[in-house]
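Below: the structure, in structure tokens.
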Amino acid sequence: MNSQLTTHRSTHTAASSLLELSWGIFKVGAVAFGGHAALVVMVERYLVTQKKVFNSEDVLNAMSLATLLPGPMAVNVVCYLGYRLGGWLGAGVFFVAIAAPPTLLMIAIAAWYYQSAGQPGGGGSNLFVLLAVAAVVLSTGFALYKKQIGKDRTGWLLCLGALTTTLLYRGFAGSVILILVGAAVGYLSYRKGSVPSVRMPRTTSRSTVNIVVISLLFVILVGYLLGGYQFAPYGPWQVLSVFSGMSLTLFGGGMVIIPYMQSILVDELHWLPVKEYVDAIAFGQITPGPILVSVTFIGYKIAGVLGALLATLAIFVPSASLMIVLAQYINYQQNGIKAVFKGIRPVVIGMILAAGVQLVMVVPHFSWPALLFGLAGLAALSFTRLNPIYLILLGFIIDYIF
């Protein structure tokens with residue numbers, strides 16, 4: 123009787139903790155402007171620095187793996203971390219938390235857009251918001267550098283190389299090459315100091331679920347590659363068929379898929395004209411979260427709110443599920459694997475720092491107040507426990523007023 127009561131209490135406590143963390147993830151999703159790098163960085167600060175439920179190695183390892191897999195890196199990482207905390211239920215809760223804010227906002231934008239006959243109004247400046255997000259990304263990159271690299275000369279060179287290469291060459295191929303170089307250097311440089319191999323536990327129930335998930339993903343992928351979406355009836359089913367297949371064939375982040383989506387949605391299926399497609403991408407860039415939330419807008423055009431929700435689920439869930447399954451079979455404590463990921467982490471940190479610099483580079487115009495705001499925000503985030511959400515909200519307020 124006592125053991126049953128203890129189990130019930132521990133389960134209730136775990137569920138309460140998961141819901142509490144998901145509320146924090148929801149707030150991050152509502153203000154994470156700046157693309158996947160800003161989103162995953164803010165999640166890292168929340169779960170590692172503030173809540174201390176993970177360490178930085180956990181997040182960096184997840185980012186390293188997600189970079190090599192299809193789908194939006196940030197959402198895949200968030201879902202995987204949710205899985206680590208609460209299994210598939212935890213992954214689902216974290217997905218809803220991170221996806222709900224941009225999805226609801228995009229549905230509202232789409233409804234307004236089509237009610238106004240596709241004539242969007244002008245927007246205000248986002249100067250201070252961009253600088254706030256850049257400060258968040260850079261401060262996190264500096265903190266990770268100090269914690270993960272420090273005086274390690276090999277790590278320093280890998281980080282610098284990744285930072286420079288990412289700034290000079292933007293593309294999926296460059297990211298993959300950097301990750302592979304980091305893996306090779308890590309294996310050669312750190313393997314001797316790694317801990318002995320540790321066997322990973324296996325459970326029958328987990329293996330069964332994984333087989334079912336992989337089988338479903340395989341059917342989705344094959345059906346998509348064979349053009350099955352062309353035969354799906356126009357409406358919700360076709361939305362689900364198209365975007366679930368895209369989820370498993372998207373490599374290199376949301377920006378890479380823009381011409382790919384245009385060739386299918388505009389040129390082949392004729393779902394929407396080029397102008398509306400461009401507007402959808404633009405709205406995806408000015409809303410929080412990953413740019414792939416643009417598909418929510420397109421789904422709304424095809425099948426209303428149901429189409430928007432199905433498009434969102436289809437573009438994010440398959441790739442996140444794939445990462446969750448594959449990550450279970452990577453033993454980060456095995457000597458060779460641990461050395462490989464120790465070499466990859468400096469590369470990922472360099473990419474994070476490059477993302478912060480790129481955000482600064484796209485700022486429309488500088489002014490002394492804006493420069494002081496950005497530097498003050500960077501200092502506050504680096505040397506205090508300031509919640510980055512407050513800095514971004516302050517940037518919103520200043521942009522709105524001025």
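For the sequence shown, the working numbering begins at 123 and goes up steadily by one.
From the three backbone atoms N, C-alpha and C, an ideal C-beta is built for every residue, glycine too.
Three-pair Cβ contact test at 8 Å for the stretch 467–486 versus the stretch 271–288: yes
Counting Cβ pairs, one atom from each stretch, are 3 or more of them under 8 Å apart for the stretch 435–448 and the stretch 191–208? yes
Excluding the five sequence neighbours on either side, which residues of its own chain have a C-beta within less than 7 Å of the C-beta of R507, listed in chain order? none
CA-to-CA distance, G308 to L227, given in whole angstroms: 42 Å
Is the stretch 426–436 touching the stretch 180–187, taking contact as three or more C-beta pairs under 8 Å? no
Taking just the CA atoms, how far does P192 sit from I299? 16 Å
For the stretch 497–513 against the stretch 252–267, are there 3 or more C-beta pairs whose distance is under 8 Å? yes
Cβ contact check for the stretch 405–413 and the stretch 214–232: 3 or more pairs under 8 Å: yes
Take V200 and list the residues in its own chain whose beta-carbon comes closer than 6 Å to its own, dropping the five residues that flank it on each side. V165, F216, I220
Locate the alpha helix (DSSP H) running through Q512, then write down its first and last residues. The sequence shown places Tyr at residue 512, not Gln. It spans 510–523 - the alpha helix (DSSP H) in which Y512 sits, taken as one unbroken run.
Can you tell which of D180, Q172, A160, R467 has the C-alpha that lies nearest to the C-alpha of E142? Q172
DSSP-derived helix/strand/coil call for A154: coil
Three-pair Cβ contact test at 8 Å for the stretch 362–375 versus the stretch 343–352: yes
Rounded straight-line distance, which links the Cα of L494 to that of L182: 31 Å
Would you tell me roughly how many angstroms separate the C-alpha atoms of A476 and L428, rounded to the nearest one? 38 Å
Among I424, W145, L161, the one whose alpha carbon lies nearest that of P510: L161
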